[in-house]
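Student: Residue numbers (full-length UniProt numbering): 1 to 153.
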């Protein structure tokens, strides 16, 4: 599951000028029904993924990533990184549909240290598979002597 992968990335790159940011969204099959940050955090702690899970990265307020309610951050991200798929999923809760739209929950953007998006990954990509891309964007000294192992969760 993505949440565990994001925690593992934060552990791997701790102190290395790296951050994971979480933006809950309810535009895909209404999968994020929580209204407040507390409700969302309690859902991931006790329900999905559950078992006391707590993210070790910032989780922001629920936002729209597409359509009329699209947050400006996602307009910016999508401007630099093309879509991850040609098709749209069913049960979308926004309009209008655009080619650049985020296709589903857990789509991932990697942003360089200058704040420019450099690559976008579909939700099918395990966050742990982003290690090489992330390492390539960090200053060389930040990745010296790093173990190639990521804790598997």
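Glycine residues also receive a C-beta, built at the ideal position from the N, C-alpha and C atoms.
Since the model is a prediction, treat every value here as computed from it, not as a measurement.
1. Helix, strand or coil: how does DSSP classify residue 92 here?
2. For residue 5, which option in 103, 124 and 64 has the closest C-alpha, if you only look at C-alpha atoms?
3. Smallest Cα separation from residue 32: which of 67, 93, 71 and 111?
4. Check residue 70 in the structure and name its three-state DSSP category.
5. Would you mind listing the beta strand (DSSP E) stretches within the region 102-128 that are 3+ residues and don't spill past its ends, in chain order?
6. If I follow the unbroken alpha helix (DSSP H) through residue 16, where does it start and stop?
7. Pull the bridge partners of residue 59 from the DSSP assignment, please.
8. With DSSP run on the structure shown, which of helix, strand or coil describes residue 5?
Tutor: Quick look at the numbers:
1. Strand.
2. In this structure, 124 is the residue among 103, 124 and 64 with its C-alpha nearest to the C-alpha of residue 5.
3. The residue among 67, 93, 71 and 111 with its C-alpha nearest the C-alpha of residue 32 is 93.
4. Strand.
5. At a cut-off of 3 residues, the continuous stretches assigned as beta strand (DSSP E) that sit fully inside the region 102-128 are 108-111 and 117-121.
6. Residue 16 -> no alpha helix (DSSP H), and no H or E assigned at all.
7. Beta-bridge partners of residue 59 (DSSP): 22.
8. Residue state for residue 5 is assigned as helix, using DSSP reduced to three classes.
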